[in-house]
Structures are given as structure tokens and as C-alpha cells.
Amino acid sequence: MTMADDRQERIRNRAHQIWLQEGQPAGHHERHWHQAAADVDKEDAAGKSAAKKPAGAGKAKAAPKAAKPAAKASKPKKAATK
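Heads up: the sequence shown begins at 170 in this note's numbering, then just goes up one per residue.
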């Protein structure tokens with residue numbers, strides 16, 4: 170099976186899924202086919218960009234946040250003198 174045959178088969182399967190999800194409407198096969206082709210192209214583009222990145226080369230994790238300094242202790246209140 171060639172790559173073109175594989176793509177056609179994927180589009181056919183995706184168009185069928187769309188048709189089923191929409192309740193099997195008659196007369197929308199062309200729209201389903203174009204939508205399926207766009208979906209397959211998106212999948213292929215996402216797969217190629219993911220394949221170019223080395224494993225673990227995703228977004229870097231943020232450094233842990235520094236602990237907040239302890240609240241200042243308030244001065245003790247003076248006792249009222251009489």
C-alpha cells in the first residue's frame with residue numbers, strides 16, 4: 170500500500186465517521202470528504218512536528234517558586250498603666 174493509498178483510506182474512514190456522527194444525512198458526501206481530508210492533513214502536520222522534536226524537548230518546567238518570607242512579628246503591645 171502506498172502513502173497515497175493510506176491517506177485515501179484514512180480520509181474515507183474519517184468521512185464515514187463524520188457521516189455517522191451527523192446522523193447519516195444524504196447528499197453531504199462531498200462536504201464530509203473535504204472535512205475528513207482537512208482532519209487527516211492536520212493529523213499529519215501535527216505528527217511531523219512532533220517527530221522533529223527530540224524526546225523530552227517539550228515546554229520546560231517552571232522553576233519552583235521561592236518561599237514567601239515569614240510575616241514580621243508585631244511589636245508586643247504595652248500594658249496600660251494606671
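Glycine residues also receive a C-beta, built at the ideal position from the N, C-alpha and C atoms.
Go through its chain and collect everything with a Cβ distance to residue i's Cβ below 7 Å, but skip five positions before and after it.
i       : result
Trp-202 : Ile-180 and Ala-184
Can you tell me which of the options puts its alpha carbon nearest to the alpha carbon of residue i?
i       : options                      : result
Asp-210 : His-198, Thr-171 and Gln-177 : Gln-177
Met-172 : Gln-190, Gln-193 and Asp-213 : Asp-213
Contact defined as beta carbons within less than 8 Å: I believe residue i pairs with residue j. What is the distance between those atoms, to the nearest angstrom?
i       : j       : result
Ala-205 : Ile-187 : 6 Å
Which ranges does the alpha helix (DSSP H) cover as unbroken runs of at least 4 residues, wholly within the stretch 190-221, from first to last along the chain?
198-221
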